[in-house]
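Engineer:
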Amino acid sequence: MTLAQLGAAVGAAQSRLSQVENGKREPKLSLITAVAAALGVQPGDLLDSSPPPGRRAALEIELDRAQRSPLFRSLGVPEVRAGRTLPVDALEALVALHREVARRHDAANATPEEARRANTEIRRLLRAADNHLPEIEEVAEDLVRAAGYTVGALTHRTVARAAAELGFSIIHVDDLPHSTRTVTDLANGRIYLPPASIPGGHGLRSLALQAIAHRVLGHERPTSYTDFLRQRLEINYFAACALMPRSAAVEFLAAAKAERDLAVEDFRDAFGVTHEAAAHRLTNLLTTHLGLPLHFLRAGDDGALYRGYENDGVPFVEDATGAVEGQPVCRQWTARRVLGLTNRTTENYQYTDTPAGTFWCSSQTGTTREGDFSITVGVRYEHAKFFRGRDTRARAVSRCPDVSCCRRAPQELAGRWAENAWPSARLHAQTLAPLPSGTFPGVDDVEVYEFLTAHAPGEHGGG
Ligand SMILES: [Zn+2]
C-alpha cells in the first residue's frame, strides 16, 4: 500500500502517516487501531519491536509485488507461490528476471511518442478535475501553516522551517549532477539545491518545496513514464500550493473578483512568485472556487505552445497523440501578437473571435536565454467582466485550426516565393525529448550516487 492508499483507508493525512512512519510523531491509539484494521493485522503487531525482515522476506515481497503488476499479468505467465519450499536461489533468480523484464519494458516505453501519450492522459485527467487536487492543497497548506505561514508571500525561512519539521536541512551546492534539479539524501536528511543565482527569486523556494513534496506525498520509485510524469506534476502542484496557499489565495482572488479587478500581476506581486507561476495557479483555483473556467498558455517566439491548460473550450491545436505541447499557436491570438511588443510594463489585453466563440485574454511577455515567451490567461467573453483590462478595444479574428487562417501563406506570397525559397530548418528542441531510462527516468544514477557519497557527512571529501 502507498501512503496515499493507507491515508485514504484510515482517514488521515499522508503527511501525518509519514511522520509516524519516520518516528517523528507519536500516533494516537485510535490511529494505531485504524491502521491495523486497514492492514489486516493486530494493533500489537504494529507496536512489536521485531527485527527488520530478512533477505528472504524482502525477496518474497518483491516477487509478490512483481507478480501483481499489470506488466506481469499482461504476459500470461503463471504465478509462482513464494512458499517455504521455494529455495532462496530460485527466489533470487525470479526476482532478478522480473527486474530485467520491467527494465526492458521501461526502456521500450521511453520513446517520445509514449511520453507524449502519457502526458496527454494526465492532462485529460486534470481537465476533468478542473485542475484542482484537494488532497495536495490541504497537505501543502497544513505544512506551511505549521511552519509559521500566515498571509502573503511564503518566505525562505518558512520553507527551511517546513523542511526541518520533516527532518531535512537545505544545503546549497554548486556541483549538482547535470541530470538533476535537486537531490535528496534520505539517509542523512539533506536536500541539496543549486546555489541562489538571483537573490529573492521564487525559483529556489519552489525547488526546495518540490524536493520536500516527494517525501510528504509518499512518492515511491516511479514504475512507468506515466508514474514519473504524475509525480512531477504533483510536486509542481504541491510547490504552487505552498507558495500560494489556497485559503489566502482564494480570499485575495475573491476580493478582486468582487471589485471586478482580477489581474494576474496583482496576484503575482501579492505572493512573490513569477508571472507564469501566478497565472498557472489561477487554473487550480478560479474554476473550483470562483466559478470561472479559463485557459492558460505559455508560447515561445517560435510560435509553439510550451505549456497549456484549458477548461473553457478555447481551441488548442492537438497532434495525432492528443498532445498540445509543441503545436502552433494561432498568429491572431493574444499570446502571439504580444511577442513583437517591446513595452512589458503592463499586461496586454485582447478579445479574439474563434470558431469556439469569443475569448478575452491577458498576456505578459518575458525573455530567457532561449528567447522570448508570453504567458497568457483568458476566459470566455461573458466572464471578462471580472477582469482588469475588460475595456480593451483590441480585437482579432482567428479561424484556426483552419490552415487558411494563418498557417498557409497567402496566394500572392506563395506565388512569388514557392519556387525561389530554400530555407534550412532548425532542429526542433522538443518539449518532451526521449529520456535515458534508469531507476528514475532521465537521471544518471552513477552521477547521483557519486555526488551523494562526496557530500555525505563523515565521508571522505564530504562537507
Ligand atoms: Zn490562426
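Using the working numbering, read the sequence shown as starting at 11 and increasing by one per residue.
From the three backbone atoms N, C-alpha and C, an ideal C-beta is built for every residue, glycine too.
(1) Who are the near neighbours of Arg26 in its chain, counting only those whose CB is closer than 6 Å to its CB and skipping five residues on each side?
(2) Which whole-angstrom value is the C-beta distance of Asp4 and Pro187, which I expect to be below 8 Å?
(3) Quick one: what's Ala309 bridged to in DSSP?
(4) Does the Cβ of Cys410 lie closer than 7 Å to at least one heavy atom of ligand 1?
(5) Below 8 Å on the Cβ atoms is my contact criterion, and I expect Ala501 with Val339 to pass it. Report the Cβ-Cβ distance as a whole number of Å.
(6) Across which residues does DSSP place Thr375 in a beta bridge pair?
(7) Below 7 Å CB to CB, which residues in the same chain sit around Leu7 once its five sequence neighbours on both sides are set aside?
(8) Look at the alpha carbon of Gln241 and the alpha carbon of Val154, and state the distance between them as a whole number of angstroms.
(9) Hey, is the segment 311–322 in contact with the segment 143–159, meaning 3+ C-beta pairs nearer than 8 Å?
(10) Leaving out five residues on either side along the sequence, give the residues of the same chain with a beta carbon under 6 Å from the beta carbon of Val30.
(11) Would a C-beta distance cut-off of 8 Å place Leu263 and Leu296 closer than the cut-off?
(12) Assign Gly17 to one of three DSSP states: helix, strand, or coil.
(13) Cβ of Ile201 less than 8 Å from any chain B Cβ?
(14) Are there 16 or more other CB atoms within 10 angstroms of the CB of Leu217, so buried, or fewer, so exposed?
(15) Between Glu91 and Thr160, what straight-line distance do the alpha-carbon atoms span, to the nearest angstrom?
(16) Under the criterion of a Cβ to heavy atom distance below 7 Å, does Cys415 qualify as lining ligand 1?
(17) Counting Cβ pairs, one atom from each stretch, are 3 or more of them under 8 Å apart for the segment 90–108 and the segment 66–80?
(18) For Lys267, tell me which candidate among Asn141, Arg398, Phe178 and His182 has the shortest Cα-Cα distance.
(19) Is the CB-CB distance between Phe306 and Thr386 below 8 Å?
(20) Among all the DSSP beta bridges, which residues are the ones paired with Tyr247?
(21) Under 7 Å: does the beta carbon of Gln360 sit that close to some heavy atom of ligand 1?
(22) Are the CB atoms of Tyr202 and Ile222 within a distance shorter than 8 Å?
(23) Drop a sphere of 10 angstroms on the beta-carbon of Ser384, count the other beta-carbons inside from all chains shown, and report buried for 16 or more, exposed for fewer.
(24) Helix or strand or just coil, what does DSSP make of Asp195?
(25) Quick one: any contact between the segment 457–465 and the segment 184–200, if contact means 3 or more CB pairs under 8 Å?
(26) Terminal residues of the continuous alpha helix (DSSP H) containing Val456?
(27) Please list, in chain order, all residues of the same chain as Glu175 whose beta carbon is under 7 Å from its beta carbon, the five residues on each side excluded.
(28) Below 7 Å, is the gap between the Cβ of Cys251 and the nearest heavy atom of ligand 1?
(29) Please identify the residue among Glu147, Leu462 and Glu269 whose C-alpha is closest to the C-alpha of Ile245.
(30) For Pro446, name the three-state secondary structure that DSSP assigns.
(31) Do Gln360 and Ala404 have their CB atoms nearer than 8 Å?
(32) Can you say whether Gln15 is buried or exposed, counting buried as having 16 or more other CB atoms within 10 angstroms of its CB?
(33) Applying the 10 Å Cβ sphere with the 16-neighbour rule, what's the burial state of Ser447?
(34) Quick check on His483: does DSSP put it in helix, strand or coil?
(35) Using the three-state DSSP reduction, which class does Tyr361 fall into: helix, strand or coil?
(36) Who pairs with Ile222 in a beta bridge, going by DSSP?
Structural biologist: Judging by the given coordinates:
(1) Taking the sequence shown and counting its residues from 1, one reaches residue 26 at position 16. Contacts found: none.
(2) No answer is possible for residue 4: the residues shown for the chain start at 11 and end at 473.
(3) Here the question's residue 309 lines up with position 299 in the sequence shown. In the DSSP secondary-structure assignment, Ala309 is bridged to Leu315 and Ser384.
(4) The residue labelled residue 410 in the question sits at position 400 within the sequence shown. If you check the C-beta of Cys410 against ligand 1, you find a heavy atom less than 7 Å away.
(5) Here the chain covers residues 11 to 473 and nothing more, so residue 501 does not appear.
(6) Counted from its first residue, the sequence shown places residue 375 at position 365. DSSP lists Ser384 as partners of Thr375.
(7) This structure gives no information on residue 7, because the portion of the chain shown stretches from 11 to 473.
(8) Start at 1 with the first residue of the sequence shown, and residue 241 comes out as number 231. Start at 1 with the first residue of the sequence shown, and residue 154 comes out as number 144. It is roughly 20 Å from the alpha-carbon of Gln241 to the alpha-carbon of Val154.
(9) In this structure the segment 311–322 does not touch the segment 143–159; the number of beta carbon pairs closer than 8 Å is below three.
(10) To locate residue 30, count along the sequence shown from 1; it is residue 20. Excluding sequence neighbours, Val30 sits near Pro37.
(11) Here residue 263 refers to the residue found at position 253 when the sequence shown is read from its first residue. Here residue 296 refers to the residue found at position 286 when the sequence shown is read from its first residue. Yes, the Cβ-Cβ distance between Leu263 and Leu296 is below 8 Å.
(12) What you label residue 17 is simply residue 7 of the sequence shown in a count that begins at 1. The three-state secondary structure of Gly17, taken from DSSP, is helix.
(13) In the structure shown, chain B cannot be found, because there is only a single protein chain.
(14) Numbered from its first residue, the sequence shown carries residue 217 at position 207. Taking all protein chains in view, the Cβ of Leu217 is crowded by 16 or more other Cβ atoms within 10 Å, so the residue is classified as buried.
(15) Position 81 of the sequence shown, counting from 1, holds the residue named residue 91. Position 150 of the sequence shown, counting from 1, holds the residue named residue 160. The residue asked about is misnamed: residue 91 is Arg in this sequence, not Glu. The straight-line gap separating the alpha-carbon atoms of Arg91 and Thr160 is approximately 54 Å.
(16) Mapped onto the sequence shown, residue 415 falls at position 405. Because some heavy atom of ligand 1 lies under 7 Å away, the Cβ of Cys415 counts as near it: yes.
(17) In this structure the segment 90–108 lies against the segment 66–80, because at least three pairs of beta carbons, one per stretch, are closer than 8 Å.
(18) Counting from one through the sequence shown, the residue named residue 267 turns up at place 257. Closest option to Lys267, judged by alpha-carbon separation, among Asn141, Arg398, Phe178 and His182: Arg398.
(19) Start at 1 with the first residue of the sequence shown, and residue 306 comes out as number 296. Start at 1 with the first residue of the sequence shown, and residue 386 comes out as number 376. Yes; because the gap between Cβ atoms is below 8 Å, this pair is in contact.
(20) As a working mapping, residue 247 is identified with position 237 in the sequence shown. DSSP lists no partner for Tyr247.
(21) Residue 360 sits at position 350 when you count from the first residue of the sequence shown. The nearest non-hydrogen atom of ligand 1 is 7 Å or more from the C-beta of Gln360.
(22) For the purposes of this step, residue 222 is taken as residue 212 along the sequence shown, with counting starting at 1. For the purposes of this step, residue 202 is taken as residue 192 along the sequence shown, with counting starting at 1. At least 8 Å separates the beta-carbon of Ile222 from that of Tyr202.
(23) By 1-based counting over the sequence shown, the position of residue 384 is 374. The residue is buried, with at least 16 neighbouring Cβ atoms inside 10 Å.
(24) Here residue 195 refers to the residue found at position 185 when the sequence shown is read from its first residue. Asp195: strand per DSSP, three-state reduction.
(25) A contact is defined here as three or more CB-CB pairs under 8 Å, and the segment 457–465 meets this definition with respect to the segment 184–200.
(26) Residue numbering aside, residue 456 sits at position 446 when the sequence shown is read from its first letter. Residues Asp455 to His465.
(27) Translated into positions along the sequence shown, residue 175 becomes position 165. Only residues of its own chain outside the window of five on either side were considered, and among them Ala156 and Ala157 have a CB closer than 7 Å to the CB of Glu175, listed in chain order.
(28) Working through the sequence shown from its first residue, we reach residue 251 at position 241. No, since every heavy atom of ligand 1 falls outside the 7 Å radius drawn around the Cβ of Cys251.
(29) Numbered from 1 along the sequence shown, position 235 holds the residue referred to as residue 245. That would be Glu147, whose Cα lies nearest to the Cα of Ile245.
(30) As a first step, residue 446 must be located in the sequence shown, where it is residue number 436. A caution first: Pro446 carries a pLDDT of 47, below 50, which makes its placement in the model too unreliable to give a value.
(31) Taking the sequence shown and counting its residues from 1, the one referred to as residue 360 is at position 350. Taking the sequence shown and counting its residues from 1, the one referred to as residue 404 is at position 394. Gln360 is a Cβ neighbour of Ala404, given a cutoff of 8 Å.
(32) Within the sequence shown, numbered from 1, the residue matching residue 15 stands at position 5. By the neighbour-count rule (16 or more Cβ atoms within 10 Å), Gln15 is not buried but exposed.
(33) By one-based count along the sequence shown, residue 447 stands at place 437. A caution first: Ser447 carries a pLDDT of 49, below 50, which makes its placement in the model too unreliable to give a value.
(34) This structure cannot speak to residue 483, because the chain is shown only from 11 to 473.
(35) For this step, residue 361 is matched to residue 351 along the sequence shown. If DSSP states are grouped into helix, strand and coil, Tyr361 belongs with the strands.
(36) For the purposes of this step, residue 222 is identified with residue 212 of the sequence shown, where counting begins at 1. Ile222 pairs with nothing; no bridge assigned.
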